[in-house]
Amino acid sequence: MFETTGRTFFQALHAAAEKRLGQQHPCCLAIAEAAREPDATAVRAAQAALNGLPKELLVALMADAHKALREDPSAILGAWGGSVSRH
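Following the numbering used here, the numbering of the sequence shown begins with 2 at its first residue and continues without gaps.
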């Protein structure tokens with residue numbers, strides 16, 4: 002589950018970055034790579050790109066991604082494979 006959760010987070014963050022920064026912005030490209038393959042190298046590159054943004058923009062991107070995940074929990078729940086909870 003945790004491997005796909007990272008991908009889900011970066012997909013939401015990428016959608017937010019596309020809207021605020023544009024598809025060709027270096028930060029958006031780094032996030033897109035982490036969304037495709039969230040390995041350690043891609044995640045570090047995305048973090049470095051995000052850290053280069055002005056704080057208010059970084060906060061806005063994180064808020065947009067959080068809102069998208071909050072409003073569509075199926076993206077997170079879809080990462081749960083296997084057995085269903087019986088609670």
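Ideal Cβ positions, reconstructed from N, Cα and C, are used throughout, including at glycine.
On a predicted model such as this, the values are computed, not experimentally measured, just so you know.
So the candidates are the options; which of them puts its Cα closest to the Cα of residue i?
i	options	result
A33	R21, G23, Q12, D73	Q12
L14	P27, H26, A36	A36
A46	C29, A61, P55, E57	C29
A1	G7, T9, R8, A16	Within the shown structure, residues of the chain are numbered from 2 to 88, placing residue 1 beyond reach of any answer.
L22	T42, N52, L58	L58
D40	K56, G7, S75, P74	G7
Q48	P27, D65, R71, H67	P27
G53	Q24, L78, A31, F10	A31
A18	E72, L78, R71, A64	A64
Helix, strand or coil for residue i, going by three-state DSSP, please let me know.
i	result
F3	Because the pLDDT at F3 is just 42, under 50, the model does not fix this residue reliably, and the value given afterwards should be weighed accordingly. F3 falls in the helix class under three-state DSSP.
Practice task
Scan the segment 21 to 75 and note each continuous alpha helix (DSSP H) run of 4 residues or more that stays entirely inside, going in chain order.
Solution key: Fully enclosed alpha helix (DSSP H) runs of 4 or longer: 27 to 37, 41 to 52, 56 to 72.
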